[in-house]
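S.K.: In my numbering, the protein residues as written are 174 to 476.
Glycine included, each C-beta is placed from N, C-alpha and C at the ideal position.
Predicted, not measured: the structure shown is a model, and the values here were computed from it.
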Amino acid sequence: MEIRIGIIPLPVYFILLALIVGFSVTGKVPGEISMAIAVLAFFGFTCAELGKRLPLLRNIGAAAIFATFVPSALTYYHVLPKPVLNLTVEFTKSTNFLYLFIASIIVGSILSMDRRVLIQGFLKIFVPLAAGSVAAAIVGTAVGTALGLGARHTLLYIVVPIMAGGVGEGAIPLSIGYSELMHLPQGEMFAMVLPPVMLGSLTAIILSGALDMLGKRLPHLTGNGRLQVGESGDMTPESEELRGHVDVSHIAGAGITAITLYLVGLMAHKLFGLPAPVAMLFLAVLVKLARAGSPPPPHAARR
């Protein structure tokens, strides 16, 4: 049986470990993309593998929790070699590769949805989502005010950051917007909104893991990926034929579609001030509803 750490075969894992240690000792870690990918993959899958080995916690998202917080702790306590840390920081800042990941997730999720279900279920999804967001903002602000934090501080620096979700699409854009509106340093704003975002992400991971466990124990409560009760999981012969012909070129086509929609979102941000991910989300929905994409990318998007 082949042993892997994440997706990395064990022999390759040890070779990567030796190379990273060797480059760190020399103090000359290459700044090219290949080295950055190797470092991120090595540390990311190592942390995730540790989380997956923990009893009980592995069922509530310990892999994602470890991959998020262990690198932060190692950086805070100066455990990571400085050349490796500098490489990671520079690569992340210069490439914004997180946006590529986010674009793939958003566009892939929308394009891989059943168009009929997307149309029929829009109101069923949108209304509870909007109502839940408003209720969460009101309740969160009320609790913070009752605890003496003040309505303004609670709403702007606790509730909104948590509801924004994530670092790349939540804390960073939010801190930039706050700094422009309040004429304060972006770093200071980022430091204020990041802790609630991380706490919210941690809570979301744990609750998602708990819901997954509940769905496995009580299968009648889960739709197994279906959005609506009664939605058929059977594919039409046409869909089966399309899926059977998905190859690397179709997956690449889906990838470039996601990138194109994100770039259109960036242009919308430049012209109208609409956040690029939001514009990209609307565009992906329009493409799906209008069937503007060729058949292979929607099926390849699942890959």
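Spatial neighbours of Y351 within its chain, please: C-beta separation below 6 Å, excluding the five flanking residues on both sides.
M.R.: Closer than 6 Å at Cβ, skipping near neighbours: M362.
S.K.: Considering only the alpha carbon of each residue, which of Y249, V437 and N232 lies closest to L387?
M.R.: N232
S.K.: If the criterion is Cβ atoms closer than 8 Å, does the pair K461 and R288 meet it?
M.R.: yes
S.K.: Could you tell me whether the stretch 425-440 touches the stretch 278-287, using the rule of 3 or more Cβ pairs below 8 Å?
M.R.: yes
S.K.: Measuring alpha carbon to alpha carbon, tell me which of V194, T219 and A221 ends up nearest M208.
M.R.: V194
S.K.: Expressed to the nearest angstrom, what Euclidean distance is found between the alpha-carbon atoms of L436 and A427?
M.R.: 14 Å
S.K.: To the nearest angstrom, how far is the alpha carbon of M355 from that of L329?
M.R.: 12 Å
S.K.: Taking all protein chains shown into account, do 16 or more other C-beta atoms lie within 10 angstroms of the C-beta of P301, making it buried, or fewer, making it exposed?
M.R.: exposed
S.K.: With H, G and I counted as helix, E and B as strand and the rest as coil, what does DSSP make of I180?
M.R.: coil
S.K.: Which residues bound the alpha helix (DSSP H) around D287?
M.R.: From DSSP, D287 is part of no alpha helix (DSSP H); its letter is neither H nor E.
S.K.: Is the stretch 199-206 close to the stretch 245-263, with three or more CB pairs under 8 Å?
M.R.: yes
S.K.: When the Cβ atoms of the stretch 224-240 are set against those of the stretch 378-394, are three or more pairs found closer than 8 Å?
M.R.: yes
S.K.: In terms of alpha-carbon separation, which member of H251, G217 and T314 lies closest to A236?
M.R.: G217
S.K.: Excluding sequence positions up to five away, which residues of its chain have a Cβ less than 7 Å from the Cβ of L375?
M.R.: I238, listed in sequence order.
S.K.: Going by Cα to Cα distance, which pick from R325, I424 and A214 is closest to R177?
M.R.: A214
S.K.: Can the beta-carbon of A240 be found closer than 8 Å to that of A221?
M.R.: Cβ atoms of A240 and A221: closer than 8 Å.
S.K.: Inspect the beta-carbon positions of A457 and L284 and report whether they are closer than 8 Å.
M.R.: Yes, the Cβ-Cβ distance between A457 and L284 is below 8 Å.
S.K.: Work out the CA separation of T265 and Y186 for me, nearest whole Å.
M.R.: 22 Å
S.K.: Taking the C-alpha atoms as reference points, what is the distance between Y249 and V243?
M.R.: 10 Å
S.K.: In the DSSP assignment, the alpha helix (DSSP H) including L444 goes from what residue to what residue?
M.R.: V421 to F445
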